[in-house]
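The numbers in the sequence shown follow this note's numbering, run straight up by one, and end at 253.
Ideal Cβ positions, reconstructed from N, Cα and C, are used throughout, including at glycine.
Remember, predicted model here, so these are calculated numbers, not experimental data.
Please read the structure below before turning to the comments.
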Amino acid sequence: MLKIIAAFAAVFMLTQAASAQTITILALGDSLTAGYGLQPSDAFPVKLEQALRAKGHDVVVVNAGVSGDTALDGLSRLDWALSEEVDAAIVEFGANDALRGLQPAQAEAAIDGILGKLGEKKIPTLLAGMRAPPNLGPEYMSAFDGMYARLAGKHEALFYPFFLDGVAADIKLNQADGMHPNAAGVDVIVARMLPFVEELVTKAAAK
């Protein structure tokens, strides 16, 4: 009798574990992801996790943002970032490439490499785009801004066109440097990205 009870208990526990599987999302990016100049509790990954949990999603969002990183830097540390189990990923790079005036082709090749590795591991991915500053000229802007949609299409990644949508150039939503969002700015980013990330969670849960 005890063996039968134990068997039913084991099945029940396994069923519960399967139905309550936590989705781990890797947020890979630069200072915009890391939360430069903010309290840790105000960083994008933390607020995104809170927003997803408020919508009933059992998720953990890992902050893998590093201030100052270019896309190539992100590619170079991707294997380390994937050393733990990951179910989905958000990729945000390019701001530092543009600020340094690096060739768009270099950033495109690096992001291509990141998405390729994630694809090999069957990790559903959301690519967040960036925009080049106007002072770099129309040719640079066209090449830079256009690469994100191309890469998302190539790798069948979900696509959010502009990470700073609704926040860029708004002094009320940015820190004194005019480049990094303040806590209110992060709230706007999270609110606008949330439907895209919910789609990402759905894809990850269906794997």
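Query                                                                                                                   : Result
Entirely enclosed beta strand (DSSP E) segments - the region 153-186, minimum 3 residues                                : 171-174
As assigned by DSSP and simplified to three states, the class of V247                                                   : helix
Rounded straight-line distance, which links the Cα of L121 to that of A110                                              : 12 Å
Own chain residues within Cβ distance below 6 Å of G199, not counting five before or after                              : none
T70 - partner residues in DSSP beta bridges                                                                             : V106
Test item: CB-CB of D76 and D133 under 7 Å                                                                              : no
Test item: CB-CB of A174 and E138 under 7 Å                                                                             : yes
Backbone secondary structure at I235 - three-state DSSP                                                                 : helix
Cut-off 8 Å between Cβ atoms - residues of its own chain near L48, not counting five sequence neighbours on either side : Note on L48: pLDDT 41, under 50, position unreliable in the model; the coordinate value appears next. Around L48: no qualifying Cβ.
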